[in-house]
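The next block holds one structure in the form of C-alpha cells; read it before the comments.
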Amino acid sequence: METILTVQNLTKKFGFLTAVKDLSFTIEKGNVYGILGPNGSGKSTTLGIILNVVNRTAGDFSWFNGNTSTHEALKKVGAIIERPNFYPYMSAIQNLKLVCKIKEVSETKIQEKLELVGLWERKDSKFKTYSLGMKQRLAIASALLNDPEILILDEPTNGLDPQGIHQIRQIIKKIAGQGTTILLASHLLDEVEKVCSHVVILRKGEKLYSGPVDGMLASHGFFELRTTDMDKLEQLLDKNASFGKITRENGTLTAFLKEEMQAEELNKILYEKGLVLSHLVKRKESLEEQFLTLTKNN
Amino acid sequence: MVRLLHIEFIKLWNNRTSRILILTSFIFPFSILILSSIKIPFFGFFTLDLGKTGIFNVPIIWHISTFFIAFFKIFFAIVVVSMIGNEYSNRTIKQNLIDGLSKKEFILSKFYFILTYSLISSIVVFLITLIIALFHSSYTEMNLLFRGSEFVLAYFFKLVGFFSLCFFLGVLIKRSAFALGFLFISFIVEMILYALFKWKWFNDQIADQIMQFFPFTSLWSLINQPIQRVVAMSVPEKQDLIYDYSVHWHEVLIVVGWTGLFIYLSYVLLKKRDL
Numbered sequence: 013m014e015t016i017l018t019v020q021n022l023t024k025k026f027g028f029l030t031a032v033k034d035l036s037f038t039i040e041k042g043n044v045y046g047i048l049g050p051n052g053s054g055k056s057t058t059l060g061i062i063l064n065v066v067n068r069t070a071g072d073f074s075w076f077n078g079n080t081s082t083h084e085a086l087k088k089v090g091a092i093i094e095r096p097n098f099y100p101y102m103s104a105i106q107n108l109k110l111v112c113k114i115k116e117v118s119e120t121k122i123q124e125k126l127e128l129v130g131l132w133e134r135k136d137s138k139f140k141t142y143s144l145g146m147k148q149r150l151a152i153a154s155a156l157l158n159d160p161e162i163l164i165l166d167e168p169t170n171g172l173d174p175q176g177i178h179q180i181r182q183i184i185k186k187i188a189g190q191g192t193t194i195l196l197a198s199h200l201l202d203e204v205e206k207v208c209s210h211v212v213i214l215r216k217g218e219k220l221y222s223g224p225v226d227g228m229l230a231s232h233g234f235f236e237l238r239t240t241d242m243d244k245l246e247q248l249l250d251k252n253a254s255f256g257k258i259t260r261e262n263g264t265l266t267a268f269l270k271e272e273m274q275a276e277e278l279n280k281i282l283y284e285k286g287l288v289l290s291h292l293v294k295r296k297e298s299l300e301e302q303f304l305t306l307t308k309n310n
Numbered sequence: 003m004v005r006l007l008h009i010e011f012i013k014l015w016n017n018r019t020s021r022i023l024i025l026t027s028f029i030f031p032f033s034i035l036i037l038s039s040i041k042i043p044f045f046g047f048f049t050l051d052l053g054k055t056g057i058f059n060v061p062i063i064w065h066i067s068t069f070f071i072a073f074f075k076i077f078f079a080i081v082v083v084s085m086i087g088n089e090y091s092n093r094t095i096k097q098n099l100i101d102g103l104s105k106k107e108f109i110l111s112k113f114y115f116i117l118t119y120s121l122i123s124s125i126v127v128f129l130i131t132l133i134i135a136l137f138h139s140s141y142t143e144m145n146l147l148f149r150g151s152e153f154v155l156a157y158f159f160k161l162v163g164f165f166s167l168c169f170f171l172g173v174l175i176k177r178s179a180f181a182l183g184f185l186f187i188s189f190i191v192e193m194i195l196y197a198l199f200k201w202k203w204f205n206d207q208i209a210d211q212i213m214q215f216f217p218f219t220s221l222w223s224l225i226n227q228p229i230q231r232v233v234a235m236s237v238p239e240k241q242d243l244i245y246d247y248s249v250h251w252h253e254v255l256i257v258v259g260w261t262g263l264f265i266y267l268s269y270v271l272l273k274k275r276d277l
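Line by line, the protein sequences give chains D and X. Residue 231 in our numbering sits at position 219 of the first sequence, with consecutive numbering throughout. Residue 66 in our numbering sits at position 64 of the second sequence, with consecutive numbering throughout.
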C-alpha cells in the first residue's frame with residue numbers, strides 16, 4: 013500500500029507545556045482517518061506541524077516517502093484548519109485564482125469545484141459577505157482545487173448550524189466516495205464514526221490508539237436482553253463463563269461478552285433453560301463508548 | 003520569480019486601499035513637473051518664476067527632484083507595512099503556507115514586489131527629471147544632460163532600503179498601525195542618538211562617522227539635502243557653504259547591507275515563529 017504520510021516520534025513543546033508527545037503514525041492511501049481527542053489534546057498542533065505552520069521540537073515527518081520537500085508536498089495536499097482564511101476584499105473566484113497560483117495548478121478546475129460546494133452563483137461576491145457555512149464550503153473548494161492526494165480537515169463543522177453541518181458532511185462523504193484519502197480531526201465522535209475507517213486517538217498529546225475503528229477495544233460486544241423473569245436470567249448468565257460484567261437498567265439486562273458468541277446460540281441456550289426472550293440485541297460499543305472507555309482507563 | 007511577483011500583485015491590486023496608495027505615490031511626483039512649468043504672479047508686484055533661480059537646470063535638478071520626490075515614499079511604506087499586517091490579521095499567511103508556499107517564497111514574493119515598485123518609481127523619477135531638464139536646458143548642455151543622474155540610482159537604493167526597514171518592522175510587530183508607530187519612534191531615537199553623539203559625547207566629525215552606519219542616517223546621506231547647494235549656487239563667494247553632496251559607493255553599500263540584513267532577519271523571524 014502507498015504511504016502518504018509518516019510521522020515518527022513527533023514532539024512539540026510550548027514552553028513547559030508538551031502539546032504533542034512522541035507521536036508516531038502512518039497514513040496509507042485510500043483510507044479515511046479520524047484523529048480523535050478532547051479539546052487541547054494536540055490534534056491541531058499535530059496538523060499544524062505536518063502542514064508546515066508550526067515548528068516541531070523533536071521527531072520527524074515525511075510526505076510521500078520523503079521524496080519531496082514539505083512545501084512542494086503540500087501542493088498535492090488539500091487542507092483546511094480551524095476557520096477558513098481568505099482575503100476578505102477579494103471574491104471567491106479571485107481567491108481561488110490566487111490559490112491556483114500558489115499551488116501551481118491551472119485555473120480550469122475552479123468552476124467544477126465551486127459547483128461541487130454549491131457556490132458557483134456567488135462566485136463574484138466578496139469573501140467578507142459570506143456566511144460561515146459558505147466560507148467553510150469555499151475552503152473545501154479551495155482545498156480540492158488540485159485534486160489532492162489527501163484532504164486534511166480540522167473540525168470542519170465547528171460553529172456551523174445543522175444545515176451547514178449536514179452540507180459539509182455530504183460533501184465529505186462524496187469526496188470519500190471518490191477514493192480520496194481523508195484525515196479528519198474532530199472531537200465529534202459520531203462525525204468520525206460516520207465517515208472514518210481508521211482512527212488515531214490522542215490524549216494530552218499522547219497516542220492512545222491508532223488503527224481500524226473496529227479494533228479499538230478488544231471487545232466482543234454485548235447483549236441487551238429482556239424477559240419476564242429477569243432475576244432468573246441474571247442468575248443464568250452469571251453462571252455462564254462466556255459473560256463478564258452484567259448490569260440491569262430500566263428493565264433491560266446488559267451482558268458483556270468475554271468471548272465470541274452469536275445471538276442464535278444464546279437464544280437457544282436460554283430457550284432450553286425455559287426462558288423466552290422478548291428482546292434480544294447483540295451490539296458492539298459505539299465509538300463514543302469505546303472512546304470514553306479508552307480515555308478513562310489510561 | 004514572475005509567479006511570486008504575480009501572487010503579491012493579485013493580493014495588493016485587489017485591495018482598494020493599497021491600490022489607491024500605490025497610484026497616489028505615482029501621481030504626486032508629477033506635481034514637481036507642474037511646479038517647474040508655472041510662473042506664480044504675486045498680485046502684479048512681481049512674478050515668482052522658479053525656473054529663473056536655476057534650480058531646474060542640469061545637473062542640480064537630478065539632485066533636487068530625487069530628494070523631494072523621495073518624501074512620497076511614505077505612501078508605499080504604508081502599503082508595505084499593511085501587506086504584512088493584513089496577512090496576519092486575516093490569517094492568510096497560514097493558509098498560504100498550507101497551500102504550499104514556503105516561508106522563503108512568502109518573504110521573497112513581497113521583496114520582489116518592493117524591488118519592482120522601487121524600479122518603476124525610479125524610472126518615473128528619471129523621466130520626470132529628464133523632461134524638466136530638457137525644458138530648462140539650452141542645446142549646448144545636451145551632452146551634459148545626464149550629468150548628476152546617479153542620484154536616480156541613489157533614489158532606487160534609498161527606496162529599497164527604506165521599504166526593507168518597513169518590511170522588517172511589519173514582520174516583527176505584525177500589526178500595521180503599531181509598526182508604523184514603531185518606525186516613527188525608531189526614527190526619533192536615531193535623531194536623539196545623533197544629537198547626543200554630536201553635542202554631548204563627541205563632536206561633529208565622529209558623530210557623522212558613526213551615524214553613517216545607522217539605518218535612517220545611511221538612507222538620508224544617500225541623497226543629501228540640496229538646499230545648501232542651491233544657496234551656495236546663488237552666493238558663490240560663501241566658501242563655508244560648500245559640502246559633500248555627491249553619491250558615494252560606500253553609502254550605497256551600507257544601504258544595501260541594511261536591506262540584506264532586514265530581509266534576512268524577516269525570514270529568520272518568520273521561520274522561527276509558530277503560526
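Every residue gets a Cβ at the ideal spot worked out from N, C-alpha and C, and that includes glycine. Here the structure is a predicted model, which is why all the values come from computation and not from measurement.
Residue i: contacting residues in chain X (beta-carbon distance under 7 Å)
{"i": "VAL111 of chain D", "result": "ASP101"}
{"i": "ILE184 of chain D", "result": "Near ILE184 of chain D there are no residues of chain X at all, since even the closest Cβ is about 18 Å away, more than 7 Å."}
CB contact flag (residue i, residue j, <8 Å)
{"i": "ARG149 of chain X", "j": "PRO61 of chain X", "result": "yes"}
{"i": "ILE34 of chain X", "j": "ILE71 of chain X", "result": "yes"}
{"i": "ARG92 of chain X", "j": "TYR45 of chain D", "result": "Arg is not the amino acid found at residue 92 of chain X; the sequence shown has Asn there. No, they are not a contact pair."}
{"i": "ASN158 of chain D", "j": "VAL129 of chain D", "result": "no"}
{"i": "ALA181 of chain X", "j": "GLY259 of chain X", "result": "no"}
{"i": "LEU110 of chain D", "j": "ILE12 of chain X", "result": "yes"}
{"i": "ILE66 of chain X", "j": "PRO217 of chain X", "result": "no"}
{"i": "THR118 of chain X", "j": "LEU7 of chain X", "result": "yes"}
{"i": "LEU221 of chain X", "j": "LYS160 of chain X", "result": "yes"}
{"i": "ALA267 of chain D", "j": "LEU292 of chain D", "result": "no"}
Closer than 7 Å: residue i CB and nearest the ligand NAP heavy atom
{"i": "TYR45 of chain D", "result": "The model on display carries no ligand, and the ligand NAP is accordingly not part of it."}
Which of helix, strand or coil DSSP assigns to residue i
{"i": "GLU133 of chain D", "result": "helix"}
{"i": "ALA253 of chain D", "result": "coil"}
{"i": "PRO96 of chain D", "result": "coil"}
{"i": "VAL89 of chain D", "result": "strand"}
{"i": "LEU237 of chain D", "result": "strand"}
{"i": "HIS291 of chain D", "result": "strand"}
{"i": "GLY71 of chain D", "result": "strand"}
{"i": "VAL82 of chain X", "result": "helix"}
{"i": "HIS210 of chain D", "result": "strand"}
{"i": "GLU218 of chain D", "result": "strand"}
{"i": "TYR114 of chain X", "result": "helix"}
{"i": "LYS24 of chain D", "result": "strand"}
{"i": "ASP159 of chain D", "result": "coil"}
{"i": "ILE16 of chain D", "result": "strand"}
{"i": "LYS138 of chain D", "result": "strand"}
{"i": "ILE57 of chain X", "result": "coil"}
Where residue i meets chain D, residues with beta-carbon distance less than 7 Å
{"i": "GLN211 of chain X", "result": "Residues of chain D passing the Cβ test: none, with the nearest at roughly 41 Å."}
{"i": "SER104 of chain X", "result": "HIS83"}
Below-8 Å beta-carbon distance, residue i vs any chain X residue
{"i": "GLN123 of chain D", "result": "no"}
{"i": "MET273 of chain D", "result": "no"}
{"i": "LEU323 of chain D", "result": "This structure cannot speak to residue 323 of chain D, because chain D is shown only from 13 to 310."}
Test: residue i CB closer than 8 Å to a CB of chain D
{"i": "ARG177 of chain X", "result": "no"}
{"i": "LYS112 of chain X", "result": "no"}
{"i": "ILE12 of chain X", "result": "yes"}
Listed by chain order, chain X residues near residue i by CB distance under 8 Å
{"i": "VAL65 of chain D", "result": "LYS96, LEU99, ILE100, ASP276, LEU277"}
{"i": "ILE93 of chain D", "result": "LYS96, ILE100"}
Residues that residue i contacts on chain D, provided the C-beta gap is smaller than 8 Å
{"i": "ILE9 of chain X", "result": "LEU110, LYS113, ILE114"}
{"i": "ASN16 of chain X", "result": "TYR99, TYR101, MET102, GLN106"}
Closer than 9 Å at the beta carbon, the chain X residues around residue i
{"i": "PHE98 of chain D", "result": "ASN92, THR94, GLN97"}
{"i": "LEU156 of chain D", "result": "The premise fails here: LEU156 of chain D is roughly 12 Å from chain X at the closest Cβ pair, so nothing lies under 9 Å."}
Below-8 Å beta-carbon distance, residue i vs any chain A residue
{"i": "GLU218 of chain D", "result": "Among the chains of the structure shown, chain A does not appear; the protein chains present are D and X."}
What are the residues of the segment 224-237 of chain X that lie near chain D, defined by any Cβ-Cβ distance shorter than 7 Å?
none
Near-chain D residues of the segment 71-94 of chain X (beta-carbon distance less than 7 Å), N- to C-terminal order
ASN92, ARG93, THR94
Taking Cβ-Cβ distances below 7 Å as the criterion, which residues of the segment 32-49 of chain D are in contact with chain X?
Within the segment 32-49 of chain D, no residue has its Cβ closer than 7 Å to any Cβ of chain X.
With 8 Å as the C-beta to C-beta threshold (strictly closer), list the residues of the segment 18-32 of chain X near chain D in chain order.
ARG18
Give, in chain order, every residue of the segment 244-267 of chain X whose Cβ lies closer than 9 Å to some Cβ of chain D.
none
Could you please tell me which residues of the segment 126-147 of chain D, in chain order, have their CB closer than 8 Å to any CB of chain X?
If the cut-off is 8 Å between Cβ atoms, the segment 126-147 of chain D has nothing near chain X.
Between the segment 121-151 of chain X and chain D, which residues of the former have CB atoms less than 9 Å from a CB of the latter, in chain order?
none
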